[in-house]
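Asks:
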Amino acid sequence: MESGQHKPTAGDTGPRSAVVVNPVKVADLDEFRRIVDGALTAAGWPAPTWHETTVEDPGRGQTQQAVQAGAEVVFACGGDGTVMACVTALAGTDVALAVLPQGTGNLLAANLGLSNDLAVGLEVAVERGRRRLDVGVVDDQCFAVMAGMGFDAQMLDSTSETTKARIGWPAYVMGAAKHLRDRPMRVSIRIDDRPPLRRRARSVLVANVGRLQGGVRLLTDAEPDDGWLDVAVLTPRTLGHWLAMGWALVRRRGSVPRMEVLRGRKVEITSNRVQPRQLDGDLIEPGRSLKAEIKPESLWLCVPRPAQHPDLSVDAEAAAERGERLVEEARRE
1 MESGQHKPTA
11 GDTGPRSAVV
21 VNPVKVADLD
31 EFRRIVDGAL
41 TAAGWPAPTW
51 HETTVEDPGR
61 GQTQQAVQAG
71 AEVVFACGGD
81 GTVMACVTAL
91 AGTDVALAVL
101 PQGTGNLLAA
111 NLGLSNDLAV
121 GLEVAVERGR
131 RRLDVGVVDD
141 QCFAVMAGMG
151 FDAQMLDSTS
161 ETTKARIGWP
171 AYVMGAAKHL
181 RDRPMRVSIR
191 IDDRPPLRRR
201 ARSVLVANVG
211 RLQGGVRLLT
221 DAEPDDGWLD
231 VAVLTPRTLG
241 HWLAMGWALV
251 RRRGSVPRME
261 VLRGRKVEIT
271 SNRVQPRQLD
281 GDLIEPGRSL
291 KAEIKPESLW
301 LCVPRPAQHP
311 DLSVDAEAAA
321 ERGERLVEEA
331 RRE
């Protein structure tokens, strides 16, 4: 495990930074920009550069441009797609990612305990707690939280942006309800060089960290810097199975029924038919297979202190209180 923290001293100049923002996700971009600029100035940082995402480029090109221009911290401001694009561009560099979630139910933010809190996102960055995380790779994209095939991606596909904007992460429950009785997929799951396993599954999730929307902990042993991918194979067949699984996840004591957990560095899932697929809560092109590989210690992430704790959300509440003071100071400027 690697981590770094830096406390500002007298005369210390903060790092150069950039904000990669999805303008669609921010209600008042001018006001948002004023608060972020003011908070960073109050913390002794130079003014950040700003880069807006587009439909054609959800953030990868803008992040690469910011890195080339000398940014040492990149703020990802948007939903899952924006964050994943920034993760992909920053993996393998020494530039740190800070998350300012503006979408509904951002997965990486959920694992940081950030919800949609601008104040805590800024505070976590300026306190300069750092942790080097693994990332997963699927094709040419990186994910920080989890990839999935089957029911989880169907749920995302069935959840409308309007409902998400109105009620937040519970909208996913409504999306999930539409697919509880769908037939399972026949899958072959190959972990590293082991013989393939054959299952009738509703969903296969490949996770780097274990928390889902709403803070539900799916995989209790998944750690973001252990060099492993944790694989959850979900095999419920009846409504009763779904309810038992959901109750076990909420209570989180002992094993979860109808969930098999595997672990490896390379995972290849092949289905008998085309399935919806997702990376970090963002839908990608449907397909019959999903190949994921771990890329150890690839991403510097701004995290709440203490940065060494297995649960990244530790200290998020205290950081939120400190962040509120920082934002108030920025608003008074």
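Just so it is clear: in the sequence shown, position 184 is 184 by the UniProt record's numbering, and no numbers are missing.
We treat Cβ as the ideally placed atom computed from N, Cα and C, and that holds for glycine.
1. Between the Cα of V21 and the Cα atoms of G14, T13, F32, P196, which residue gives the shortest distance?
2. Here's a check: name, in chain order, each residue in its chain whose Cβ is nearer than 7 Å to the Cβ of I167, leaving out the five neighbours to either side.
3. Between which two residues does the alpha helix (DSSP H) containing T63 stretch?
4. Pop quiz: D140 and D282 are said to be a contact at Cβ under 8 Å. What is the actual Cβ separation, rounded to whole angstroms?
5. Return the CA-CA distance between E127 and A119, expressed in angstroms with no decimal places.
6. Pull up the DSSP beta-bridge partners for W300, would you.
7. What residues are listed by DSSP as bridge partners for V21?
8. What's the call for P257, buried or exposed, on a 16-neighbour Cβ count within 10 Å?
9. Can you tell me which of G44, V55, A89, P224 puts its alpha carbon nearest to the alpha carbon of Q65?
10. When you compare only the Cα positions, how much space is there between R200 and E260?
11. Would you be able to state if there are at least three C-beta pairs under 8 Å between the segment 13-27 and the segment 50-66?
12. Can you name the start and end residues of the alpha helix (DSSP H) that L249 belongs to?
13. Please state the DSSP three-state secondary structure of D37.
14. The beta strand (DSSP E) spanning E268 covers which residue range?
15. Does DSSP put A307 in a helix, a strand or coil?
16. What distance in whole Å lies between the Cβ atoms of M84 and D225, which are believed to be in contact at a cut-off of 8 Å?
17. When you compare only the Cα positions, how much space is there between V233 and E328?
18. For A147, does the count of other Cβ atoms within 10 angstroms reach 16, so buried, or fall short, so exposed?
19. Just verifying my parser: in three-state terms, what is the DSSP assignment at G150?
20. Following the continuous beta strand (DSSP E) through L229, name the residue where it begins and the one where it ends.
21. Quick check on DSSP: helix, strand or coil for D30?
22. Tell me which same chain residues have a C-beta within less than 8 Å of the C-beta of I35, skipping the five on either side of it?
23. Give me the Cβ distance between V209 and V231, rounded to the nearest whole Å; I'm assuming they're in contact under 8 Å.
24. Helix, strand or coil for A330? Go by DSSP, reduced to three states.
25. At the level of alpha carbons, what is the spacing between A244 and P236?
26. Sort out for me which residues DSSP pairs E293 with in a bridge.
27. Across which residues does DSSP place R186 in a beta bridge pair?
28. Just the Cα atoms here: how many angstroms apart are P15 and V87?
29. Buried or exposed for R211, going by 16 or more other Cβ atoms inside 10 Å?
30. Kindly indicate the opening and closing residues of the alpha helix (DSSP H) around V126.
31. Can you name, in chain order, every residue of its own chain whose Cβ lies under 7 Å from the Cβ of D152, other than the five neighbours on each side?
32. In three-state terms, what does DSSP make of W45?
33. Can you tell me which of the three DSSP states E223 falls into?
Replies: In this structure, then:
1. F32
2. Only weak support exists for where I167 lies, its pLDDT of 49 falling under 50; the coordinates are left without a value.
3. Per DSSP, T63 is one residue of the alpha helix (DSSP H) stretching across 60-68.
4. So it is not a contact: roughly 14 Å between Cβ atoms.
5. 12 Å
6. W300 is bridged to A96, R132.
7. E52, C77
8. exposed
9. A89
10. 12 Å
11. Taking a contact to require three or more Cβ pairs closer than 8 Å, the segment 50-66 and the segment 13-27 qualify as touching.
12. Unbroken alpha helix (DSSP H) run through L249: 239-251.
13. helix
14. 266-279
15. Because A307 sits at a pLDDT of 48, beneath the cut-off of 50, its placement in the model cannot be relied upon, and the point is left open.
16. So it is not a contact: roughly 19 Å between Cβ atoms.
17. If you take the alpha carbons of V233 and E328, they lie about 46 Å apart.
18. buried
19. strand
20. 229-234
21. helix
22. Excluding positions up to five away in sequence, the list reads L118, V327, A330, R331.
23. Not really, about 13 Å apart at Cβ, beyond 8 Å.
24. helix
25. 9 Å
26. V137, K266
27. R200
28. 19 Å
29. buried
30. Its alpha helix (DSSP H) spans residues 118-126.
31. If you ignore the 5 residues before and after D152, its C-beta comes within less than 7 Å of the C-beta of S203, L205, Q278, all in its own chain and listed in chain order.
32. coil
33. Of the three classes helix, strand and coil, the one that applies to E223 here is coil, per DSSP.
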